[in-house]
Amino acid sequence: MKFKGYAYINTIGCQMNVYDSEKLALILNYNGYRQTRDMDQADIVICNTCSIRHKAEEKAFSFLGRFARIKKKKPDIIIVMAGCVAQQEGKKAFKRVHHLDIVLGTQAFSRFGKHIDAVKAGKNRIVDIEDSEKLYEIMPAVLESDAAESTILEHGTLNFKENKISRFVTIMQGCENFCTYCVVPYVRGKERSRNPESIIKEISLLAKSGVKEINLLGQNVNSYGQLEGQISFAELLVQVSKIRGIQRIRFATSHPKDLSMDLIHAIRDLDKVCNHLHLPVQSGSDKILKKMNRGYSRQTYIKRIFDLKKQCPEIGVSTDIIVGFPSETRDDFSETMDLLREIKFDSIFAFAYSNRSSAPASKFSHQVDEKEKLDRLNKLLELQEHYTKQKNLELIGKTLEILVEGQSVRKHNGFKKNHKNMEQMTGRSACNKIVHFPSESAKIGDLIKIQIKNAYPHSLWGYPAGALN
Ligand code: 5AD
Ligand code: SF4
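Counting from 27, one number per residue, gives the positions in the sequence shown under the numbering used here.
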């Protein structure tokens, strides 16, 4: 494809969006547009948006708003809103961002090239929020094209250049759980699993290009394949494990109601599947869990974690928590605090409830005051800080296998004095801890055994096992 210009992509939101932006970059390349990191050079500017919380949505509008002035000076520049906010707002997006050219919904990416051509031919204000069954199925074709190779090798997709060894692969789209606070079922549509052959093909291609770690993504990976009568998620893990070159497999997100013993056994038995599970609990109060429509009780969640730890004693467990959901009292919140004390997660992602008008909870009575939400959020984070540190301290003296990701950005105290001729490297353990260590020879992508010597609130420090220190 002839070179037509440069595209700048700004990604807001979750891992799914990072993956989608990589896909956009490849689709653009397929259509003759190369990705640039320099906004001033761009002929097309895309904001891949997130609508999960109010803040993310505002960030998208404010980024795109800045282009009103630029568009006046450079009228040919094409401004695109893509992803979840685009899907949610449709043509309403033009009301807030008059200078937008294309509103590209979550399932319209494969038609992006066609829309760019239409804008260039003089059409304005294109909205595509149609459904498309084949969204991810075009990926192997795009990845196999020469254009993809040049994108990957010369320019890098979004996080590719920085980190060539770890990649996301979406295995399913949408969600039908309808948690009452969540916009995902409305902006990402019905749950659909990709067929396993297409996933395996994409991962095999990535493995060939040097990728060592795969992060399988879906809103609820445990229900993979169920609606389609395909292989189960545990079986998919077996297949991905067989791909030569892939050394680690991670996945997110798991829903507690669908966490099966088969999956727990797969984590225990498959060497390449990392010893880490992200299992969002959202609240420790049964009353709130019910109002959230989560489909499990506090006790069932605790039992699942107990089963998991019995089978995989060394597993790292993280979770998501929302504080200040409508009608959450101080007692309900205390139950969430108690759950943290009982389970002792390795880490948590905590959020103040954000009212989304398209989600049912926005109509619930007894919305919690913003100040109270922030107060609860801070209390929760403070309590968790203690457990995160405690979990890290428990690892001192242990030897962990680390996938080397690169040089550390921050130097450890005393590093320069004690290790003059060495680089300070960084990587991740299978249980998802960041580990820094000195090394003369470690390269990005190596798996290396590190003996842990020190623990900090958010990272560990150690030495290559067997090295003198
Ligand atoms: N407000 C706050 N947090 C939310 N999440 C999803 N929707 C909302 C909302 N309306 C959180 C949940 C989910 C994570 C990805 O984002 O904890 O697990
Ligand atoms: Fe949203 Fe619930 Fe689906 Fe997760 S499971 S994406 S929180 S509706």
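Glycine included, every Cβ here is placed at the ideal spot set by N, Cα and C.
Where residue i falls: helix, strand or coil (DSSP)
| i | result |
| --- | --- |
| Gln433 | strand |
| Ile460 | strand |
| Met287 | helix |
| Pro490 | strand |
| Lys513 | For the chain, the structure presents residues 27 to 495; residue 513 sits outside this window and is missing. |
| Met27 | coil |
| Tyr32 | strand |
| Arg122 | helix |
| Glu156 | coil |
| Glu239 | strand |
| Ile275 | strand |
| Gly255 | coil |
| His304 | strand |
| Ser391 | coil |
| Asn150 | coil |
| Gln113 | helix |
| Cys40 | coil |
| Glu217 | coil |
| Ile72 | strand |
| Ile422 | coil |
| Ile128 | strand |
| Arg60 | strand |
| Gln410 | helix |
| Ser249 | helix |
| His484 | coil |
| Ser88 | helix |
| Ile470 | coil |
| Ile428 | strand |
beta-carbon residue i near the ligand 5AD non-hydrogen atom, thresh 8 Å
| i | result |
| --- | --- |
| Ala387 | yes |
| Ala496 | This structure does not reach residue 496, given that the chain is present from 27 up to 495, and the question cannot be answered. |
| Asp346 | yes |
| Phe390 | no |
| Gln252 | no |
| Cys300 | no |
| Cys40 | yes |
| Phe332 | no |
| Ile78 | yes |
| Gln410 | no |
| Thr279 | yes |
| Pro306 | yes |
| Asn43 | no |
| Asn381 | yes |
| Phe375 | yes |
Enclosing beta strand (DSSP E) for residue i [first to last residue]
| i | result |
| --- | --- |
| Ala376 | 373-378 |
| Ile347 | 342-349 |
| His281 | Element bounds for His281: n/a, residue is neither H nor E. |
| Val266 | No beta strand (DSSP E) contains Val266, which is instead part of the alpha helix (DSSP H) from 259-267. |
| Ser455 | 449-455 |
| Ala94 | From DSSP, Ala94 is part of no beta strand (DSSP E) but of the alpha helix (DSSP H) over 93-99. |
| Gly109 | 104-109 |
| Lys479 | 473-481 |
| Tyr207 | Looking at the DSSP string, Tyr207 is not in any beta strand (DSSP E), and its letter there is neither H nor E. |
beta-carbon residue i near the ligand SF4 non-hydrogen atom, thresh 8 Å
| i | result |
| --- | --- |
| Gln114 | no |
Opening and closing residue of the alpha helix (DSSP H) in which residue i lies
| i | result |
| --- | --- |
| Pro211 | 210-213 |
| Phe135 | Phe135 -> no alpha helix (DSSP H), and no H or E assigned at all. |
| Ile331 | 324-337 |
| Arg193 | No alpha helix (DSSP H) contains Arg193, which is instead part of the beta strand (DSSP E) from 192-196. |
| Ile369 | 356-369 |
| Glu228 | 222-234 |
| Leu296 | Run containing Leu296: none; DSSP gives neither H nor E here. |
| Asp312 | 312-318 |
Within-9 Å CB hit, residue i to chain B
| i | result |
| --- | --- |
| Pro339 | Checking the listed chains, one finds no chain B in this structure; it contains a single protein chain. |
*Decide if the stretch 352-369 is in contact with the stretch 50-60; the criterion is three or more beta carbon pairs, one per stretch, under 8 Å apart.*
no
*the stretch 407-414 touching the stretch 107-121, judged by at least three CB pairs closer than 8 Å*: no
*Closer than 5 Å is what we want: which residues have a beta carbon that near any heavy atom of the ligand SF4? List them in chain order.*
Cys201, Asn203, Cys205, Cys208, Val210, Gln245
*asked:* Any contact between the stretch 127-139 and the stretch 82-92? By contact I mean 3 or more CB pairs, one from each, below 8 Å.
replied: no
*asked:* Counting beta carbon pairs with one atom in the stretch 333-344 and one in the stretch 288-307, are three or more of them shorter than 8 Å?
replied: yes
*Does the stretch 72-88 come within contact of the stretch 379-386, defined as at least 3 CB pairs closer than 8 Å?*
yes
*Just checking, does the stretch 456-466 make contact with the stretch 423-433 on the three C-beta pairs under 8 Å criterion?*
yes
_For the structure I just gave you, are there three or more beta carbon pairs, one from the stretch 323-332 and one from the stretch 271-286, closer than 8 Å?_
yes
*Does the stretch 192-201 come within contact of the stretch 237-246, defined as at least 3 CB pairs closer than 8 Å?*
yes
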